[in-house]
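Numbering (numbering that gives the first Met the number 0), first residue to last: 0 to 610.
Glycine included, C-beta positions come from ideal geometry on N, C-alpha and C.
Structure first, then comments.
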Amino acid sequence: MSFIPENIIDEVRLASDVVDVISDYVNLRKKGVNYFGICPFHTEKTGSFSVNAEKQIFHCFGCGAGGNVFTFIMREEGVLFPEAVRLLAKRAGIEIPEPDENDNTSLQEREALYYACELAADLFHAQIFTESGKPALDYLYKREFSDEAIKAFDVGYAADSWDILLKHAEAKHMRPEIFEMAGLLNKKDSGGYYDRFRHRVMFPIRNLAGKVIAFGGRKLVTDDTVPKYVNSPETPIYHKSNVLYGLFQARESIREFGEVIFVEGYTDVIRPAVAGIKNIVATSGTALTDLQARLVNRYTEKVILLYDNDLAGAKATMRGADILVAQGIEVKIAELAEGEDPDSFVQKNGIEALRSKLQAAVPLLDYKTRSLGKTGVDQKESIQSLVGTLSRIQNGIERQEKVREYAERMKINEEVLWEEVRRLRKVQRTRKNYDSKNLQVDIQLRGSATSSFALRSRPVEEELVRIMLIYPRSVPYIFSFMELTDFYNDDYRTIAALMHQLYEHNVRVDAEELVHYFNEPEIANFVSRIVHQEKNAAGLAPDFYRWAADCLANLQRIMLDTKLIEIQSQIRDCEKSGGDATDLRERYHVLQTQKVRIKAENFLPSKNEEK
């Protein structure tokens with residue numbers, strides 16, 4: 000069905016920030032109030048493609064293309080409007096129901112769920128400032144939360160009653176079944192309904208469109224048999240694995256500061272945010288998920304984890320950190336004293352003290368190595384944790400440098416550490432859920448890929464693909480250093496994706512039959528040519544490890560050359576504008592040092608691994 004109701008379209012539009020969406024396709028840089036990049040719709044070098052966050056539009060001064068977020072997806076993906084809405088809805092975690100042509104029940108139902116949550120949020124917020132809400136207000140005032148903080152996040156109070164929300168729903172002529180479906184009422188065994196949240200401080204949870212979709216309720220009684228928190232269950236509009244508390248309010252600050260702070264609880268967000276640290280979100284007491292990591296990666300590639308510093312909290316933090324690393328996010332850890340949380344810390348010490356803690360945050364790998372050698376710490380477990388992080392680093396250059404650096408720090412043989420990292424990466428790959436019936440791979444290229452890099456890397460990528468076609472055994476070895484996104488040439492990436500998935504599914508295909516896997520004539524011709532050249536070649540070197548190692552080293556040099564040229568340009572721009580280029584020069588020096596250290600020998604496996 001192509002028809003999508005206007006209310007759903009509006010919801011998708013609100014949840015799809017034009018800068019966030021276009022950043023998935025174009026490398027944007029802020030200049031003044033707008034963002035600029037290379038236009039994806041025509042060939043250019045000047046960067047005349049402009050995106051306006053305030054107006055939620057884009058325009059290219061070169062080719063004249065322009066429009067809103069839907070227009071961009073239609074042009075970029077080559078789809079019609081309904082499909083563009085669906086693609087963006089999927090990206091934002093918004094379900095578009097598919098009712099029968101003559102049935103709009105499920106559409107009305109979904110809208111009713113949003114309305115029920117808004118009604119509940121309004122009721123809870125109004126109640127906190129009434130006489131019945133005095134226990135909740137006193138609790139918050141005692142913890143030094145101001146009216147400003149309460150109103151900024153619409154904190155409320157669920158009365159000590161079994162049916163106040165139920166009666167409110169009936170007064171609004173709403174069916175109680177809708178409130179039950181929204182997780183606001185529970186059904187009695189004997190029939191009828193009762194309020195799910197009772198005598199609790201209420202924290203509404205909003206989606207990226209700003210709509211209330213769920214609640215967290217904090218108890219006000221001291222009875223230990225009563226759960227401290229009661230949270231909304233999963234509903235048609237709320238999936239906790241794809242939601243971060245406070246992200247709706249924090250989006251602009253995250254983009255402005257270029258990083259986000261992760262905390263655990265609702266008040267850990269509210270107190271710092273009201274005091275001035277607004278780029279802060281919470282997992283709301285649940286373990287960090289892949290979906291949440293991908294969600295925050297739309298806004299930034301830098302995360303500071305600021306969780307409770309007890310043993311259980313530390314382990315949960317490490318698990319979440321590795322999930323972020325796997326998404327290409329730079330992770331730092333900010334430490335608080337045991338038993339302290341961001342809310343209580345700011346209450347006791349002030350917001351500037353928290354800023355100091357955040358500024359002192361240490362890189363994840365440094366944090367993990369600190370535990371080595373400490374009394375009572377399991378050394379084997381600590382090293383395994385370190386290997387877990389190293390194996391999840393997506394950038395091949397960075398992974399290589401980190402393995403070398405931390406092997407030296409820990410006084411571990413570098414090759415031994417490499418073996419562990421490669422072994423774990425292989426295990427991780429086997430856990431991925433590949434669709435063996437569909438060998439199409441959806442890849443989003445990094446925006447930093449330049450035409451210069453693409454031109455220089457093309458022959459190297461061709462050699463790596465050639466090696467995989469001739470020696471299928473080389474596939475796991477090559478992919479221990481690379482990701483599919485490291486292939487910038489579309490054709491070579493398509494071939495590499497096929498070889499990778501055939502290997503993962505343990506599918507053996509005769510070399511000459513590989514051409515049948517490709518519909519594009521150009522790719523089929525290339526594969527056929529390589530296979531036939533190999534058949535007719537005399538004395539092709541059987542040592543594909545040395546061949547591949549030379550290619551991998553060369554590719555990394557080209558990558559670094561491209562980055563060095565880009566940083567040189569940034570240094571010049573910074574100096575012209577009178578800015579401080581110290582950090583850029585330091586980064587330039589680090590990359591120069593890395594380039595000098597790149598050798599083919601660094602990529603060669605041990606003799607045992609070759610077997």
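query: Can you find a CB in chain B that lies within less than 8 Å of the CB of residue 158?
result: The structure shown has no chain B; it contains just one protein chain.
query: Leaving out the 5 sequence neighbours to the left and right, which residues in its chain are closer than 7 Å to residue 604 when beta-carbon positions are compared?
result: Excluding five sequence positions before and after residue 604, the CB atoms of its chain that fall closer than 7 Å to its own CB belong to 476, 544, given in chain order.
- prompt: Could you check where the alpha helix (DSSP H) with residue 90 kicks off and where it finishes?
  reply: Element bounds for residue 90: 80-91.
Ranges of the alpha helix (DSSP H) found wholly within the stretch 246-309, counting only runs of at least 4: Whole alpha helix (DSSP H) segments, 4+ residues: 246-256, 265-274, 289-296.
- prompt: Counting pairs of beta carbons, one from the stretch 317-331 and one from the stretch 43-53, are three or more of them closer than 8 Å?
  reply: Contact between the stretch 317-331 and the stretch 43-53 is absent, with fewer than three C-beta pairs closer than 8 Å.
- prompt: Straight-line CA distance for residue 299 to residue 243?
  reply: Straight across, the Cα-Cα distance linking residue 299 with residue 243 is about 14 Å.
query: Skipping 5 residues on each side, what residues in its chain have a beta carbon closer than 6 Å to that of residue 356?
result: Setting aside the 5 residues that flank it on each side, residue 356 is surrounded in the same chain by 333, each with a C-beta closer than 6 Å to its C-beta; the list follows chain order.
With 16 other Cβ atoms within 10 Å as the buried cut-off, status of residue 140: Label assigned to residue 140: exposed.
query: Is residue 507 helix, strand or coil by DSSP?
result: Reduced to three states, the DSSP call for residue 507 is coil.
query: What residues in its chain sit with their C-beta under 6 Å from that of residue 664, if we drop five residues either side in the sequence?
result: No information on residue 664 is available, as it lies outside the stretch 0 to 610 that the chain covers here.
message: Going by the DSSP bridge assignment, what does residue 562 pair with across the sheet?
response: Residue 562 is not bridged to any residue.
task: Please determine if the stretch 73-93 and the stretch 172-185 are in contact, where contact requires at least 3 C-beta pairs separated by less than 8 Å.
output: Too few Cβ pairs lie closer than 8 Å, so no.
- prompt: Around the Cβ of residue 564, are there at least 16 other Cβ atoms within 10 angstroms (buried) or fewer (exposed)?
  reply: Counting C-beta atoms within 10 angstroms of its own C-beta, residue 564 has fewer than 16 neighbours from the protein chains shown and is therefore classed as exposed.
Per DSSP, cross-strand counterpart(s) of residue 321: Partner(s): none; residue 321 has no beta bridge.
Distance between residue 91 and residue 11 (C-alpha atoms, nearest Å): Cα to Cα, residue 11 sits roughly 7 Å from residue 91.
- prompt: Is the stretch 521-530 touching the stretch 557-572, taking contact as three or more C-beta pairs under 8 Å?
  reply: Contact between the stretch 521-530 and the stretch 557-572 is absent, because fewer than three Cβ pairs lie under 8 Å.
query: Smallest Cα separation from residue 61: which of 70, 74, 41?
result: Distances from the CA of residue 61 to each of 70, 74, 41 were compared; the closest alpha carbon is that of 41.
message: I'd like the span of the beta strand (DSSP E) that includes residue 215, first residue to last.
response: Taken as a continuous stretch (DSSP letters only), the beta strand (DSSP E) holding residue 215 covers 211-218.
- request: Measure the CB-CB distance between residue 157 and residue 216 and report whether it falls below 8 Å.
  value: It is a contact, given that the beta carbons lie within the stated cut-off.
field: Pairwise C-alpha distance: residue 27 and residue 597
entry: Each residue's alpha carbon lies about 30 Å from the other.
query: Quick one, which of 347, 320, 208 has its alpha-carbon nearest residue 291's?
result: The closest CA to that of residue 291, considering only 347, 320, 208, is found on 320.
field: Span separating the alpha-carbon of residue 166 from that of residue 173
entry: The alpha-carbon atoms of residue 166 and residue 173 are separated by roughly 10 Å.
message: With distance defined between alpha-carbon atoms, name the residue in 481, 471, 331, 529 nearest to residue 504.
response: Residue 471 holds the alpha-carbon nearest to the alpha-carbon of residue 504 among 481, 471, 331, 529.
message: Mapping the DSSP letters down to three states, classify residue 199 as helix, strand or coil.
response: Reduced to three states, the DSSP call for residue 199 is strand.
field: Spatially closest choice to residue 497 from 589, 341, 483, by CA coordinates
entry: For the residues 589, 341, 483, the minimum Cα distance to residue 497 belongs to 483.
task: Mind reading off the beta-carbon distance from residue 341 to residue 267? Whole number of angstroms is fine, and I expect it under 8 Å.
output: About 4 Å separates the Cβ atoms of residue 341 and residue 267, confirming a contact at the 8 Å cut-off.
- prompt: Would you say the stretch 59-74 touches the stretch 194-210, given that touching needs at least three Cβ pairs under 8 Å?
  reply: Because the criterion of three Cβ pairs below 8 Å is not met, the stretch 59-74 and the stretch 194-210 do not touch.
- prompt: When you compare only the Cα positions, how much space is there between residue 302 and residue 580?
  reply: Between residue 302 and residue 580, the C-alpha separation is close to 23 Å.
message: Quick check on residue 399: buried or exposed, where buried means 16 or more other Cβ atoms within 10 Å of its Cβ?
response: Taking all protein chains shown into account, residue 399 has 16 or more neighbouring C-beta atoms within 10 Å of its C-beta and is therefore buried.
field: Three-way DSSP call (helix, strand, coil) for residue 236 in this model
entry: It is coil, neither helix nor strand.
- prompt: Under three-state DSSP, which class holds residue 175?
  reply: Shown here, residue 175 sits in a helix according to DSSP, grouped into three states.
message: Can you tell me which residues form a DSSP beta bridge with residue 57?
response: Looking at the DSSP assignment, residue 57 forms a beta bridge with 50, 66.
message: Which of the three DSSP states is assigned to residue 24 in this structure?
response: It is coil, neither helix nor strand.
Spatial neighbours of residue 13 in its chain, beta-carbon cut-off 6 Å, leaving aside the 5 residues before and after: Only 208 meet the Cβ criterion.
- prompt: How big is the Cα-Cα spacing for residue 245 and residue 228?
  reply: In a straight line, the C-alpha of residue 245 is about 18 Å away from that of residue 228.
- prompt: So, helix, strand or coil for residue 578, using DSSP?
  reply: Coil.
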